[in-house]
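Below is one structure; the comments refer to it alone.
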Amino acid sequence: MYTREAHPGEHIGHHRTFEEKLACAARLRDEVGIRRPILVDDLAGTAHRAYGLMPNMTWAIGRGGRIMYKADWTSAHNVEAFLERHEDGRRRRPASGAVAGFLTEQVEYRDVDREAFYARLRRNGPRAYDEFKRAEEMWRVRAENTTRGT
0 MYTREAHPGE
10 HIGHHRTFEE
20 KLACAARLRD
30 EVGIRRPILV
40 DDLAGTAHRA
50 YGLMPNMTWA
60 IGRGGRIMYK
70 ADWTSAHNVE
80 AFLERHEDGR
90 RRRPASGAVA
100 GFLTEQVEYR
110 DVDREAFYAR
120 LRRNGPRAYD
130 EFKRAEEMWR
140 VRAENTTRGT
């Protein structure tokens, strides 16, 4: 679901109209090569608020409404791996149909193409790039201080 412009700048800013938001979602689809349908949240961000406000979340919700998978960052590889595990579990279900679901938490990893990401920030405008680089530096320093115990 396309929720909002995470890194607004002088060229591509916050969405002012739903039509503008639809156009930005289409641009993202074309630039990144997304082949699945993209849902677009309303201007108020109603769905985004309901599902956690992270910028790039993934949810898989079962037919009965149960949350089957939730990730605070999207990795196609990790989503595919979950779907394969889930389908494998469904195929191996005993004839009685009795299974017990359980919750797990784990750290996942994803590939990062920093240069492509920075190029999209620059496309949005210098402010988007500069703000992200400042935040990146702040988080780097914070991580260093955390590992040193300061």
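Each residue of the sequence shown is one higher than the one before, counting from 0 in numbering that gives the first Met the number 0. Heads up, the beta-carbon is just placed ideally off N, CA and C, and yes, glycines get one too.
Helix, strand or coil at residue 57 according to DSSP, with G and I counted as helix: strand
Under the three-state DSSP convention, the category residue 137 falls into: helix
Cβ pair count under 8 Å reaching 3, the segment 60-76 against the segment 95-110: yes
Where residue 128 sits in the DSSP three-state scheme: helix
CA-to-CA distance, residue 145 to residue 138, given in whole angstroms: 10 Å
Residue environment, residue 142, which counts as buried when at least 16 other CB atoms sit within 10 Å: exposed
Minimum C-alpha distance to residue 27 - residue among 51, 50, 134, 0: 0
Nearest-angstrom beta carbon gap, residue 84 and residue 44 [assumed within contact, 8 Å]: The Cβ separation is near 31 Å, so there is no contact.
Three-state class that DSSP yields for residue 117 in the structure shown: helix
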